[in-house]
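All remarks here apply to the structure that follows.
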Amino acid sequence: MSTMATSGTAQPQKISVLFVCLGNICRSTMAEGVFRSLVKDKSSPYYNLIDKVDSCGTGGYHTGDEPDDRTMSTLADNGITNYVHAARRLRDSDFRDFDYIFAMDNGNLMDLERWKDRGKKSSSSKAQVMLFGEFSGTGRKEVVQDPYYVGRDAFEKAFEQCKRFSTNFLQQTFPDVDT
């Protein structure tokens, strides 16, 4: 974690995070909603450490759509009621604009790596592209399975994973923050 001096005191540098799945209506929006709930409240110890949080899809199937109703109801059932998002597709600029880009599964990760490596974009990229499940806390990488065709229980599992991964990521990235 890099730091920058502010008034003689080293402060952690703000970071930006992008969550990516295929269509940007289930998993990546779930992750964004959960992550925002942990960092964007003024009482959060991470409030001043996160610059930007967003989500998108590798495909443009749902561009402009709101998140799946089951995503929104799962978030609401867990106390997250202020999340608003319109689906969008991944952009070349995302690799320059975000510090971390988290894929929900291995297919998304491969798509992100191919996208990043096309043309000259990789030389201007600052993003660390990785599987979100690297922060599982279990010692092994996990994937967030697409719950779209599975049902409500799969949305609940995705929520649990997103909360656990987000918490672990924040604790590992900002180890000196009192939580």
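Numbering-wise (our numbering), the sequence shown opens with residue 784 and increments by one.
Ideal Cβ positions, reconstructed from N, Cα and C, are used throughout, including at glycine.
- In this structure, the straight-line span from the alpha carbon of Met893 to that of Cys804 is close to 11 Å.
- For the pair Cys839 and Asp959, the Cα-to-Cα distance works out to about 30 Å.
- Sixteen is the threshold: since fewer than 16 other Cβ atoms of the shown chains lie within 10 Å of the Cβ of Pro828, the residue is exposed.
- In the DSSP assignment, Ile808 forms no beta bridge with any residue.
- The distance from the Cβ of Val822 to that of Ile833 is about 4 Å, consistent with a contact at the 8 Å cut-off.
- In the DSSP assignment, Gly840 falls within the beta strand (DSSP E) that extends over Ile833 to Gly840.
- Listed in chain order, the non-local C-beta contacts of Lys797 below 8 Å within the same chain comprise Asn831, Leu832, Ile833 and Asp834, local neighbours out to five positions each way being set aside.
- Under the Cβ criterion (8 Å, minimum of three pairs), the stretch 909-923 counts as touching the stretch 935-951.
- Three or more Cβ pairs drawn from the stretch 846-858 and the stretch 870-887 lie within less than 8 Å of each other, which places the two stretches in contact.
- Counting only residues of its own chain and dropping the five nearest sequence neighbours on each side, Glu815 has a CB closer than 7 Å to the CB of Phe802, Val836, Asp837, Ser838 and His868.
- For Phe942, the uninterrupted alpha helix (DSSP H) run begins and ends at Arg935 to Thr956, by DSSP.
- Straight across, the Cα-Cα distance linking Ile884 with Asp877 is about 8 Å.
- Taking 8 Å as the cut-off, the Cβ atoms of Lys909 and Asp882 count as close.
- Phe915 sits in a helix when the DSSP states are folded into three classes.
- Within the DSSP bridge table, the entry for Ala886 names Val803 and Leu914 as partners.
- Taking all protein chains shown into account, Ser820 has 16 or more neighbouring C-beta atoms within 10 Å of its C-beta and is therefore buried.
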